[in-house]
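So the sequence shown is residues 1404 to 1966, counted in the working numbering.
All C-beta atoms in this analysis are idealised placements derived from N, C-alpha and C, irrespective of residue type, glycine included.
Just so it is clear, the structure is predicted and the values come from calculations on it, not from any experiment.
Remarks on the structure that follows.
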Amino acid sequence: MYARPKLSLSISAAQNASRSSFPLKSPGAVPRTPISPASPGAKRFSTLQVPSFGYSNSCTSKSILKKHSASSASTNSEKRIQFKGTPTVHCVTPIENPEEYYGTYTKLSREERRWILRRYHILHSGEARDDDTSVSIVEKEGGYATLHFLDKVTCDSTAYKGIHPVVALESHQENLANLVNKALTKLPPATSPDTPSHKLVTLSNGDGSRRKPDIVCATRGPGMRSNLFVGLDTGKALSVAWQVPFIGVHHMQAHLLTPRLQHYLEQNLANNPENATTHRDETPRQQLGEVQPAFPFMSILASGGHTMLVKSTSITNHEVLASTADVAAGDALDKAARLILPDSLIATSKSTMYAKLLDQFAFPNGRADYVNYRAPASRGEEVQKPPPNEWGWALTTPFAKTRDLQFSFSSIETAVGRIVARKEQAGGAGWADGERVALAREAMRTSFEHIASRLIIALEDKPDEKPIRSLVISGGVAANQFLKTVLRAFLDVRGFGHMEIYAPPPYLCTDNAAMIAWAGMEMYEAGWRTDLSARALRKWSLADDSEAVDGGFWGPGGWVRDD
């Protein structure tokens, strides 16, 4: 007997960590997500048809719904949420009427539930965190995944040359509901004409009904709390309206699990070519088998807000080996770009992702411009101070003479600032031909070699009983092809050539709702959901460490175990 098909919706709001980058070798723009027009507005709206309930009974309790046993299933129609005084609707448990929704409830063992979950389900997800608002629908069936919908709206902050919190918040408020409405039209149709109406979403545009999502996911943190709450509250409201479980996702956990989503997407493409979408920009790598990357693996999560080196041994067990002591790699490169790039180029930019612009400026020919890159063959070569170049300056790699597992990028920004200041003092004759390009390349080289150096130190100093064979790079900066080249070169010459690098395509590297949906699905399959009282978190450690300031990954609470 096949399990009931599953759907899931995830919503979240994204931040500057969500920086869309592009492969250097590709002269074209990053492809838009499928079925996503440029404007976020929807001309016609979809409505959710749900039964209404009366609130006539008087009681001293507020918004307390008692779970009825299977023997009382016949009285479900008599259930009421009881209020005293003016009704105030509060979030309740995701499945408030289990008998009405599923029929008579039968408790399954953990293994039985896992078997059912792995058969077939679809996720409806969204991401709303800092300046990006995104919604997606992801379907998982066995060893395959399909991305039915993914769209993202980034607020225009070019006037501020960075994220403006109020402008970003207003952008989430204006765009999230419209994106959800658009996503509803892409929900899969009902699998049977006999599907009960309470398991369907009826579209107001007359285009029939769609399957209701089985799970709703939203980013819970870390990030700007006001922005996170837009997505989090929307997600919780949808989970209550649809009576499905809710998952509050850790943003950085979603980044490091993204290659696993890509694995399932590639399986679908390899075995069902007709399901290919405009997102497909990489050839399938794996055949059916163990999902890749398999645990344990290392991750480099690099964006405008975070730079971390993480060792993961399971979906929920992560050890942060190194993090930034000052600013993140993406933030430092953004600031360096504003110093290096000609004013005319910055003025024509349509976004504040200046690191992406710096990448294009430094390597206009893509891989051809760094095909001869060679990594330091030894630690001794790595720590040597570089001599001044033909223009009289040189950039040194941070922490070159230490083995501290820590990142620091502020010194690169400072060094670039000093060089630029000297050139400006020299007047119009300050910049020689090609010097700006050389400085842009050096800023990226020193940043990426610093990241690679800490990775090699971690692999050398922290040997594992089970050899680590995979490296994940994700986050906005991870979309940079030069970073991948540097990491590959370091691994090859320093004795770790056996490690495979897993880097999602650019549209999945930057903040997006698909990765939130996938992380939520993995948590749900592991037996977890989020209590509806959970609040957004500005800071949230990824480490499974109870001694962390916030208690680590599990510290904030709100997790509910469904055994």
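task: Would you tell me roughly how many angstroms separate the C-alpha atoms of Trp1943 and Ala1951, rounded to the nearest one?
output: 10 Å
field: Close-in-space but distant-in-sequence residues of the same chain around Asp1762 (CB under 6 Å, 5 per side omitted)
entry: The answer, listed in chain order, is Asn1883.
query: Are Ala1939 and Phe1700 close, meaning C-beta to C-beta below 8 Å?
result: no
message: Report the CB separation of Pro1616 from Arg1932 in whole angstroms; it is logged as a contact under 8 Å.
response: Going by Cβ atoms, the distance from Pro1616 to Arg1932 rounds to 14 Å, so no, they are not a contact pair.
Residues near Glu1845 by beta carbon distance below 7 Å, same chain, minus five either side: Leu1798
query: Run through DSSP, which three-state label would Ala1829 get?
result: coil
- request: Using the DSSP secondary-structure output, state which residues sit across from Leu1553 in a beta bridge.
  value: Ser1539
field: Where Val1492 falls: helix, strand or coil (DSSP)
entry: Low per-residue confidence applies at Val1492: pLDDT is 39, beneath 50, and the placement is therefore not dependable, though the value from the model is reported in the following sentence. Three-state result, Val1492: coil.
- prompt: Which runs of the beta strand (DSSP E) spanning at least 3 residues fall entirely within the segment 1897-1925, listed in chain order?
  reply: Inside the segment 1897-1925, DSSP marks whole beta strand (DSSP E) runs of 3 or more residues at positions 1903-1905, from first to last along the chain.
task: Mind checking which residues open and close the beta strand (DSSP E) that includes Thr1619?
output: The amino acid occupying residue 1619 in the given sequence is Val; Thr does not appear at that position. First-last of the beta strand (DSSP E) with Val1619: 1619-1624.
task: Determine contact between the segment 1847-1866 and the segment 1804-1811, defined as no fewer than three beta-carbon pairs at a distance below 8 Å.
output: With the cut-off at 8 Å, the segment 1847-1866 and the segment 1804-1811 touch.
Residue span of the beta strand (DSSP E) that contains Ala1933, given as start and end: Inspection of the sequence shows that residue 1933 is occupied by Thr rather than by Ala. Residues 1931-1933.
query: Would you call the CB atoms of Arg1623 and His1653 closer than 8 Å?
result: In terms of Cβ geometry, Arg1623 and His1653 form a close pair [threshold 8 Å].
field: Residue burial classification, Val1774 (beta-carbon count within 10 angstroms, cutoff 16)
entry: Classification of Val1774: exposed, given that the 10 Å Cβ count is below 16.
query: Apart from the five residues just before and just after Ala1657, which ones in its own chain have a Cβ nearer than 6 Å to its Cβ?
result: Met1918, Ile1919, Ala1922
- prompt: Taking the alpha-carbon positions, what's the Phe1885 to Asn1674 distance?
  reply: 31 Å
message: Which residue wins for smallest C-alpha separation from Asp1534, given the options Leu1874, Gly1611, Gly1565?
response: Gly1565
Beta-carbon contacts of Asp1895 that lie in its chain and below 6 Å, excluding the five residues immediately before and after: none
message: Any contact between the segment 1819-1827 and the segment 1866-1874? By contact I mean 3 or more CB pairs, one from each, below 8 Å.
response: no
field: Euclidean distance between Cα positions of Gln1576 and Asn1630
entry: 9 Å
task: Decide if Pro1959 is buried, meaning its Cβ has at least 16 other Cβ atoms within 10 Å, or exposed.
output: buried
Distance, Ile1904 Cα to Tyr1776 Cα: Inter-residue distance for Tyr1776 and Ile1904 is about 18 Å (C-alpha atoms, whole angstroms).
- prompt: Name the DSSP beta bridge partners of Ile1703, please?
  reply: Leu1712, Ile1876
task: Buried or exposed for Glu1693, please, with buried defined as at least 16 other CB atoms from any protein chain shown within 10 angstroms of its CB.
output: exposed
query: Among Pro1745, Met1756, Met1924, which has the Cα closest to the Cα of Gly1733?
result: Met1756
field: Gly1769 versus Asp1914: straight-line alpha-carbon distance, rounded
entry: Approximately 23 Å between the Cα atoms of the pair.
field: Beta-carbon contacts of Ala1778 that lie in its chain and below 6 Å, excluding the five residues immediately before and after
entry: Once the five neighbours on either side are set aside, the close Cβ partners of Ala1778 are Ala1892, Phe1893, Val1896.
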